[in-house]
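In this note's numbering, the protein residues as written are 427 to 1158.
Worksheet for the structure shown next.
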Ligand code: SER
């Protein structure tokens, strides 16, 4: 049986027992008490607690899960994973212990045809009821039913919340496997007994003080690891030797230059986890879920190094994870390019980090000289250089150095608080009390525009685009989404045009309430990590955009008036942020920009004008050249040119003077001009005449004096000014 057949057999079996088949929820849970979805029951927690009403009393799912508490075990054992699929059946106040046990037994022994004697049972030590059911109803001999303690057989999703005693079904690989101790039994850590199915009898809610309070109804939550049951059915040596892992393992082996089966398994495991996390919208970062993902990718890269794989490789082999899972989890197919590009970016980034980090660490270690390395330093490596804590710790250990873990955690906590404070500031817009109708309308316009933008991005860029964050206020909107690269100018324009087209199309915004199933059938976009009830609110904009949303919207797209993207940039690998404005804010933005454009246009024009005037004057001066050269006279064998130019300033005179001098091989040039009440004089003397004792400086002084001014200069060139233009002729 292939893993997909086992999955289907399970879901179909429980459907035949009147269970509703529901999809896996996202790995990003709506339950804030955990970072990631760790079990199939998580999406039903509010139903167990009685805060949500169940739409169906019996449900069956195959749930994507990530657990990192056993990360160190992965690869070392045959059965631990970070990512795994959990097959589950749930009863919300419907059947309880007896049916849960009978269903499980029927599925394993009749549907899957596993021999009774291969299955061993454990119950919570005080749970006589479960013990009796196994013994009396199913004829399991008393000696084959093990009573285990609270640690093994009392299940809860966390320190508080729904919980209860549980009964586990183990598969016995035989006496020749595992520790071989005569008293080896279910619950032993060795490899002989494999826990395949956990049946939890959820009947309590544990409060903060640790008290077990009875829940309003008794419930069933069961979980069977698909990887484990597949191993049993495929009679495989380990979970890694099943069809779920083999193609991936073979691909890693092909790339490896060294032998280390644990590293190969770690890579296969982490690669799966990374693919599914990214498909659900997690991107690598230094915080929370993003950090879990970063750690998984970086650990896989480090294990790659152990195998002699130096170049980025995960981004490529992740295709096999996608190929394996995409038919059941279409998000893998939709996000394929995104998954690959995020992993590649992280792999590349980590290579750089490693190179600089190792140097910094060496420096730090030398400085530390056998002492404990402070938490602040380790945090700096983590925060500033992205150097993983575990890696610093590993390297420090090798050097016999210790790390101040507490200090590091204190710094991490401080960072979290800073981040939270930032969010509060960034979210300030949401808290603005609308000055009560215009701001509300502006807010609604930005909100509806966000939906149009989301749909437009998916139409122009592709279906891999998913919202990963959004902020709406009366003045602008911010929209974060998955996209591997920067948008081109053309794409931005196309998106903007498409949204504006929808605004002009005068479309009624249709708001309705439907069941979640109906909404999904309509193709409504649900958001990652959002928890939706049985009835959902649907915002429909003419088939163009259908989203589940509880927010405040315009009644007609025309109310948005206009839409303008003002910024597009990266905020993380593979995540882009668009900032945009609508209506009055767009008008103001455009007005402001137009003013700026006009202002700079004016400046540009003034500059151009100045340039043109200058050119004109220069051209004028050149034009005067011909006229001026006509008045050359010979005085005592010396060429003398005395000329008054009209409307030429000093610069013009210089151009004219130089041009005449170029033409005149030998001579004295006396030029004058005026502008308003100012006179300008320029005298040039060619070098041969300078040698004969003529001095431009002396000549210019004489001329300037006539016009009530003064000046001077070198023997070959001198300039002067005067105040009485009427005397220029006389001076010349
Ligand atoms: N919640 C239980 C577990 O995770 C059974 O599904 O083991």
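Beta carbons: idealized from backbone N, C-alpha and C, even for Gly.
1) Which one or two residues does DSSP pair with residue 951 in a beta bridge?
2) Can you tell me whether residue 927 is helix, strand or coil according to DSSP?
3) Measuring only the C-alpha atoms, how far is residue 808 from residue 448?
4) By DSSP's criteria, residue 597 is part of a beta bridge. Which residues make up the other side?
5) Quick one: Cα of residue 587 to Cα of residue 461, how far?
6) Opposite residue 765 in the DSSP bridges: which residues?
7) Taking 7 Å as the cut-off, is the CB of residue 631 close to at least one heavy atom of the ligand SER?
8) Checking 8 Å against the spacing of the C-beta atoms, do residue 754 and residue 446 come in under that value?
9) How close, in whole Å, do the beta carbons of residue 486 and residue 514 come, if the pair is a contact with beta carbons under 8 Å?
10) When DSSP builds the beta bridges, which residues end up paired with residue 961?
11) Between the C-alpha atoms of residue 854 and residue 919, what's the straight-line distance to the nearest angstrom?
12) I'd like to check one pair, residue 894 with residue 876: are the Cβ atoms closer than 8 Å?
13) Is it buried or exposed, residue 706, if we count other Cβ atoms within 10 angstroms and call 16 or more buried?
14) Note the first and the last residue of the continuous alpha helix (DSSP H) segment covering residue 439.
15) Could you compute how far the alpha carbon of residue 623 sits from the alpha carbon of residue 651?
16) Tell me the rounded alpha-carbon separation between residue 1040 and residue 1030.
17) I'd like the list of long-range same chain contacts for residue 550, defined as Cβ closer than 6 Å, with 5 residues on each side in sequence excluded.
18) Take residue 936 and list the residues in its own chain whose beta-carbon comes closer than 7 Å to its own, dropping the five residues that flank it on each side.
19) Among the candidates 470, 914, 473 and 482, whose CA atom is the shortest distance from the CA of residue 444?
20) I'd like to check one pair, residue 524 with residue 568: are the Cβ atoms closer than 8 Å?
21) How many Å lie between residue 762 and residue 628 at the Cα?
22) DSSP three-state label for residue 894, please.
23) In angstroms, rounded to a whole number, what distance separates the CA positions of residue 438 and residue 533?
24) Would you call residue 899 buried or exposed, if buried means 16 or more other Cβ atoms sit within 10 Å of its Cβ?
25) Taking just the CA atoms, how far does residue 801 sit from residue 835?
26) Taking the straight line between their C-alpha atoms, what separation do you get for residue 1113 and residue 1048?
27) Taking the alpha carbon of residue 939 as the reference point, which residue from 973, 1056, 584 and 1045 has its own alpha carbon closest?
28) With a threshold of 16 other CB atoms inside 10 Å of the CB of residue 698, please say whether the residue is buried or exposed.
29) If you draw a straight line from the alpha carbon of residue 771 to that of residue 748, how long is it in whole angstroms?
30) With distances taken from CA atoms, which of 572, 827 and 465 is nearest residue 791?
31) Considering only residues of the same chain and omitting the five flanking positions on each side of residue 610, which have a CB-CB separation below 7 Å?
32) Is DSSP giving residue 855 helix, strand or coil here?
33) Can you tell which of 1035, 1076, 1092 and 902 has the C-alpha that lies nearest to the C-alpha of residue 1063?
34) When we look at the beta-carbon of residue 508 and count the other beta-carbons within 10 Å, is it buried (16 or more) or exposed?
35) Where does residue 610 sit, in a helix, a strand or coil, going by DSSP?
36) Short of 6 Å in beta carbon distance, which residues of its chain neighbour residue 968, apart from the five on each side in sequence? Order them along the chain.
Taking the definition as stated:
1) As a beta-bridge residue in DSSP terms, residue 951 pairs with 973.
2) Collapsing the DSSP output to three states places residue 927 in a helix.
3) Straight-line Cα distance between these residues: approximately 40 Å.
4) For residue 597, which the question treats as bridged, DSSP gives the partners 545 and 620.
5) Rounded to the nearest angstrom, the gap between the Cα atoms of residue 587 and residue 461 is 15 Å.
6) The partner list for residue 765 (beta bridge, DSSP) is empty, contrary to what the question assumes.
7) For the ligand SER, not one heavy atom lies less than 7 Å from the Cβ of residue 631.
8) The criterion of a C-beta distance shorter than 8 Å is not satisfied by residue 754 and residue 446.
9) Between residue 514 and residue 486 the Cβ distance is about 7 Å, and since that is below 8 Å, they are a contact.
10) Partner(s): 941.
11) Summary for residue 854: the model assigns pLDDT 27, below 50, so the residue's position carries little reliability, and this model does not support an answer.
12) Contact: no.
13) Taking all protein chains shown into account, residue 706 has 16 or more neighbouring C-beta atoms within 10 Å of its C-beta and is therefore buried.
14) Run containing residue 439: 429–442, per the alpha helix (DSSP H) assignment.
15) Pairing residue 623 with residue 651, the inter-Cα distance amounts to about 7 Å.
16) Cα to Cα, residue 1040 sits roughly 15 Å from residue 1030.
17) Taken in chain order, the residues that qualify are 579, 580 and 591.
18) Shown here for residue 936: same chain residues with a beta carbon closer than 7 Å to its own, the five before and five after excluded, namely 966 in chain order.
19) Ranking 470, 914, 473 and 482 by Cα distance to residue 444 puts 482 first.
20) Contact flag unset, no.
21) Spanning the alpha carbons of residue 762 and residue 628 requires a straight line of approximately 38 Å.
22) Residue 894 sits in a strand when the DSSP states are folded into three classes.
23) For the pair residue 438 and residue 533, the Cα-to-Cα distance works out to about 11 Å.
24) Buried.
25) Roughly 7 Å separates the two Cα atoms.
26) Answer to the nearest angstrom: the Cα atoms are 23 Å apart.
27) If we check each option's Cα against that of residue 939, 973 comes out closest.
28) A buried status is given to residue 698, since no fewer than 16 other beta-carbon atoms sit within 10 Å of its beta-carbon.
29) Answer to the nearest angstrom: the Cα atoms are 18 Å apart.
30) Residue nearest to residue 791 within the set 572, 827 and 465 is 827 (criterion: CA-CA distance).
31) Only residues of its own chain outside the window of five on either side were considered, and among them 604, 616 and 618 have a CB closer than 7 Å to the CB of residue 610, listed in chain order.
32) Because the pLDDT at residue 855 is just 26, under 50, the model does not fix this residue reliably, and the value given afterwards should be weighed accordingly. Helix, per DSSP.
33) Comparing Cα positions, the closest option is 1092.
34) With a 10 Å radius around the Cβ and a threshold of 16 neighbouring Cβ atoms, residue 508 comes out buried.
35) Note: residue 610 maps to coil in three-state DSSP.
36) Within the same chain, Cβ atoms closer than 6 Å to the Cβ of residue 968 are found at 933, the five residues on either side in sequence being excluded.
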